[in-house]
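In this note's numbering, the protein residues as written are 93 to 449.
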């Protein structure tokens, strides 16, 4: 059985097994508290800010009763909206049209189909101004339901200006040393000139600081080498992800679109899978469709764990789990080279989100 789904993942804790008993350990699922410069007029339950990439991920809801979602960009902040993930409750049977309204111009972002999640990659820049700015996501359609939205935003604050220092000439330097008194004009020809209030003050002070050589010693490696298990099926399963990541770089990114089609079978009610979060899932991977040959399966008391955004799995699989909530089930179909990272044809996968931390 070829296992081309995920690459090797280091355990979070020493001694932690890759497959864990679902009921064998209690986990602390406390949410990280993050702050952001963006304020929204509606409830935001899952804010997250990545300080390294300056990416801000905001999970919100467009309420059917209000039909819009408004956010405010602070003054002197440049903001770039790079993507949105949208989904509508499966209890509705009508289409939902979502538009972006900024600076008086409305642009259709997505036409949602119930029970499906749509990821839209955009490149919308809101330049910095001296006053706060607002943009809205508008919801249109008949018999609309609440729409869940995960917005991916890059914000950049203005850099501080560096102070510029003017060079001093010798006269200015002497005035500074003498307490801004008039400099002696005889210092240049006579070092013992009596015209100075303080003869020693006319002479530039010598640098009494000694140069110190700073040696940074490398931090000793206290980690013990890991034991490699040869011919282990799990290790082979993870090693195949190196090929998956290499294959992703060969993909055509000119359109910046995904060919993966996925839908929510069961909407979860727990925490949402976001970048830099650790997710535990169960999955079954088949060839072509839900009745195809089983390529990989994680079930019963076993769970698979990885960190979103770290490159532990293929980019296509990360797109599928992004936005899932604890307790939810999601099915996806797409090209093998995008969903798995290797091979021709299509693959089908069903994922159950066990936990997010």
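Backbone N, C-alpha and C define an ideal beta-carbon position, used for all residues, glycine too.
These numbers come from a predicted model, not from an experiment.
query: Where residue 212 and residue 231 are concerned, what is the direct C-alpha to C-alpha distance, given to the nearest angstrom?
result: 16 Å
message: Check this for me: beta carbons of residue 219 and residue 166, under 8 Å apart or not?
response: no
message: Quick check: what's the CA-CA separation for residue 433 versus residue 237?
response: 36 Å
field: residue 222 Cβ short of 7 Å to the ligand SAM heavy atom set
entry: Looking for the ligand SAM in the displayed structure turns up nothing, as the structure carries no ligands at all.
query: Relative to the alpha-carbon of residue 227, which residue among 235, 217, 234 has its alpha-carbon at the smallest distance?
result: 217
query: Below 8 Å between beta carbons: does that hold for residue 209 and residue 354?
result: yes
task: Closer than 6 Å by C-beta to residue 160: which residues in its own chain qualify, once you throw out the five before and the five after it? Chain order, please.
output: 228, 230
- request: Could you tell me the distance, in whole angstroms, from the CA atom of residue 117 to the CA atom of residue 387?
  value: Unreliable positioning characterises residue 117 in this predicted model, as indicated by a pLDDT of 45, which lies under 50. The coordinate reading is nonetheless provided below. Whole-angstrom Cα-Cα distance: 29 Å.
query: Could you give the distance in angstroms between the alpha-carbon of residue 443 and the alpha-carbon of residue 193?
result: 35 Å
task: For the alpha helix (DSSP H) containing residue 431, list its first residue and its last residue.
output: 428-431
task: For residue 440, collect the residues of the same chain with a Cβ closer than 8 Å to its Cβ; drop the 5 residues on either side in sequence, then sort them by chain order.
output: 377, 378, 379, 380, 381, 382, 384, 423, 424, 425
field: Rounded C-alpha distance that separates residue 186 from residue 150
entry: 26 Å
query: With C-beta atoms as the reference, is residue 367 less than 8 Å away from residue 401?
result: yes
- request: Look at the alpha carbon of residue 60 and the alpha carbon of residue 199, and state the distance between them as a whole number of angstroms.
  value: In this structure the chain extends from 93 to 449, so residue 60 is not present and cannot be described.
task: Return the CA-CA distance between residue 406 and residue 398, expressed in angstroms with no decimal places.
output: 11 Å
task: Quick one: measure Cβ to Cβ for residue 374 and residue 446, integer angstroms, because I've assumed they're closer than 8 Å.
output: 6 Å
task: Ignore the nearest five residues each way along the sequence and tell me which others in residue 414's own chain have a CB closer than 8 Å to its CB.
output: 177, 211, 242, 365, 366, 367, 400
field: Beta-carbon separation (whole angstroms), residue 449 vs residue 369, contact threshold 8 Å
entry: 7 Å
message: Looking at residue 352: is its Cβ nearer than 8 Å to the Cβ of residue 412?
response: yes
message: Since residue 190 and residue 201 should fall inside the 8 Å C-beta cutoff, what is the C-beta to C-beta distance between them, to a whole number of angstroms?
response: 5 Å
- prompt: Measuring CB to CB, does residue 418 end up less than 8 Å from residue 360?
  reply: yes
task: Could you tell me which of 179, 170, 356 sits nearest to residue 203, measuring between CA atoms?
output: 179
- request: Might you give, ordered along the chain, the residues of its own chain that have their beta carbon closer than 7 Å to the beta carbon of residue 136, omitting 5 neighbours on each side?
  value: Confidence in residue 136 is poor, its pLDDT being 39 and thus under 50, which makes the residue's placement too unreliable to answer from.
message: Less than 8 Å between the beta carbons of residue 372 and residue 357, yes or no?
response: no
message: Per the DSSP calculation, residue 203 is bridged to which residue(s)?
response: 189
- prompt: Is residue 222 buried or exposed, if buried means 16 or more other CB atoms sit within 10 Å of its CB?
  reply: exposed
Close Cβ partners of residue 304 (< 8 Å) along its chain, the five nearest in sequence each way excluded: With a pLDDT of only 47 at residue 304, under 50, the local geometry of the prediction cannot be trusted, and the value read off the model is given with reservation. If we look at residue 304 and ignore the five residues flanking it on each side, it has no Cβ neighbours.
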